[in-house]
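Chemist: Per UniProt numbering, the very first residue in the sequence shown carries number 1; after that it's consecutive. Note that the Cβ used here is the ideal one computed from N, Cα and C, for glycine as well. None of the values given here were measured: they were computed from a predicted structure.
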Amino acid sequence: MVVARCWQQWITEGRVYRRGGSGRPRNTNDREDRAIRRVATSAPTTSLASIQRHLPPSRHPVPSRETIRRRLTEVGLRSRRPLRRLPLTPHHRQCRLDFCRHRATWSVTDWRRVIFSDESRFSLSADDHRTRVWRRTGQRSDPAFIVERHTVISQGYDVLPWPARSPDLSPIEHVWDALGRQLQPSRDTGELTAQMQRLWQDLPQGVISDLIESMPRRISACIAARGGFTTY
């Protein structure tokens with residue numbers, strides 16, 4: 001037994017030492033492991049090939065990319081797709097902050113009275129079928145080149161002045177994400193429409209409730225970030 005052997009070593013030699021392992025020897029040393037971690041943490045978007053080039057030049061052979069990946073995994077670093085979002089200008093941040101401060105005392109009951117609306121695009125092909133106009137530079141604000149969007153202002157509803165570039169404040173963004181993950185390839189628009197309607201109807205009400213209940217926390221997080229992005 002291991003304990004008995006260690007005890008015998010202590011009695012006869014006054015020390016305990018570990019036997020050499022029988023597994024495959026590690027092919028990077030501590031210095032190289034530190035270099036791998038340093039490059040990955042200082043430049044998170046760097047590639048495995050780039051990390052290879054940053055290793056000590058005296059190293060031959062250079063550790064493989066799979067070895068580098070394993071070293072990063074050992075310290076909890078894994079390759080993931082980055083979150084992409086539009087940058088916030090000072091004006092955007094102030095609008096977000098004002099919006100949240102005015103609703104800092106809203107309860108979940110208050111948010112349940114809000115009809116959250118949004119749109120998302122699900123296409124059969126690479127063509128997104130977006131409406132486009134042919135115009136010259138400087139004609140963007142010309143009424144002839146503006147396509148008005150549907151609104152509910154004329155239908156007797158009060159519209160919240162939702163701040164721009166604020167997907168983290170909108171719970172419906174997570175609904176689109178959930179539907180998109182379940183969507184299967186469709187042969188035509190009829191099949192795509194039927195599938196979207198089925199997924200929408202099958203969406204658990206508990207998911208919707210949880211998202212609405214997160215609104216006070218989203219508002220608080222945005223205020224704490226002084227109008228900056230939150231983790232939602």
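Please report the straight-line C-alpha distance between residue 179 and residue 78, rounded to a whole angstrom.
Modeler: About 26 Å.
Chemist: Given a cut-off of 8 Å on the beta-carbon distance, is the pair residue 161 and residue 229 in contact?
Modeler: The answer is no: Cβ separation not under 8 Å.
Chemist: Could you spell out the range, first to last residue, of the alpha helix (DSSP H) harbouring residue 209?
Modeler: Segment 205-213, the alpha helix (DSSP H) holding residue 209.
Chemist: What does the alpha-carbon distance come out to for the pair residue 214 and residue 182?
Modeler: Spanning the two alpha carbons is a distance of roughly 23 Å.
Chemist: Which whole-angstrom value is the C-beta distance of residue 52 and residue 65, which I expect to be below 8 Å?
Modeler: That pair is a contact at about 7 Å.
Chemist: Between residue 76 and the ligand GDP, is the CB less than 7 Å from at least one heavy atom?
Modeler: Ligands in the displayed structure: none, and consequently the ligand GDP is not present.
Chemist: Taking the alpha helix (DSSP H) that residue 109 falls in, what are its first and last residues?
Modeler: Element bounds for residue 109: 108-112.
Chemist: Considering just the uninterrupted stretch of the alpha helix (DSSP H) at residue 172, what are its terminal residues?
Modeler: Its alpha helix (DSSP H) spans residues 172-182.
Chemist: Can you tell me the Cα-Cα spacing of residue 91 and residue 201, whole angstroms?
Modeler: For residue 91 and residue 201, the distance between alpha carbons rounds to 38 Å.
Chemist: Would you mind stating whether residue 63 and residue 105 have Cβ atoms separated by less than 8 Å?
Modeler: The answer is no: Cβ separation not under 8 Å.
Chemist: Just tell me which of 166, 193, 80, 115 has its CA closest to the CA of residue 227.
Modeler: If we check each option's Cα against that of residue 227, 166 comes out closest.
Chemist: Determine the closest residue to residue 97 out of 175, 169, 212, with distance taken between C-alpha atoms.
Modeler: Ranking 175, 169, 212 by Cα distance to residue 97 puts 169 first.
Chemist: Can you list, in chain order, the residues of its chain whose CB lies under 7 Å from that of residue 103, leaving out five sequence neighbours each side?
Modeler: Hits under 7 Å: 219.
Chemist: Which of the three DSSP states, helix, strand or coil, is assigned to residue 190?
Modeler: Helix, per DSSP.
Chemist: Which value, in whole angstroms, describes the spacing of the CA atoms of residue 68 and residue 36?
Modeler: Rounded to whole angstroms, residue 68 to residue 36 spans 7 Å at the Cα level.
Chemist: Can you check whether the CB of residue 111 is closer than 8 Å to the CB of residue 223?
Modeler: The answer is no: Cβ separation not under 8 Å.
Chemist: Could you have a look at residue 104 and say whether DSSP puts it in helix, strand or coil?
Modeler: Residue 104: coil per DSSP, three-state reduction.
Chemist: Would you mind giving the Cβ-Cβ distance between residue 186 and residue 195, rounded to the nearest angstrom? I have them listed as a contact below 8 Å.
Modeler: Going by Cβ atoms, the distance from residue 186 to residue 195 rounds to 6 Å, so yes, they are a contact pair.
Chemist: Should residue 49 be labelled buried (16 or more other beta-carbon atoms within 10 Å of its own) or exposed?
Modeler: Result: exposed.
Chemist: As a quick exercise: from 80, 76, 190, pick the residue whose alpha carbon is nearest that of residue 46.
Modeler: It is 80 whose Cα lies nearest to the Cα of residue 46.
Chemist: Measure the Cβ-Cβ separation of residue 204 and residue 107 and say whether it is below 8 Å.
Modeler: Cβ distance not < 8 Å, so residue 204 and residue 107 don't count as in contact.
Chemist: If contacts are defined as beta-carbon pairs under 8 Å, then residue 57 and residue 32 qualify, I think. What distance do you get, rounded to the angstrom?
Modeler: Contact doesn't hold; Cβ gap of about 12 Å is too wide.
Chemist: Do you know offhand how far residue 44's Cα is from residue 190's?
Modeler: Distance between the alpha carbons of residue 44 and residue 190 is about 42 Å.
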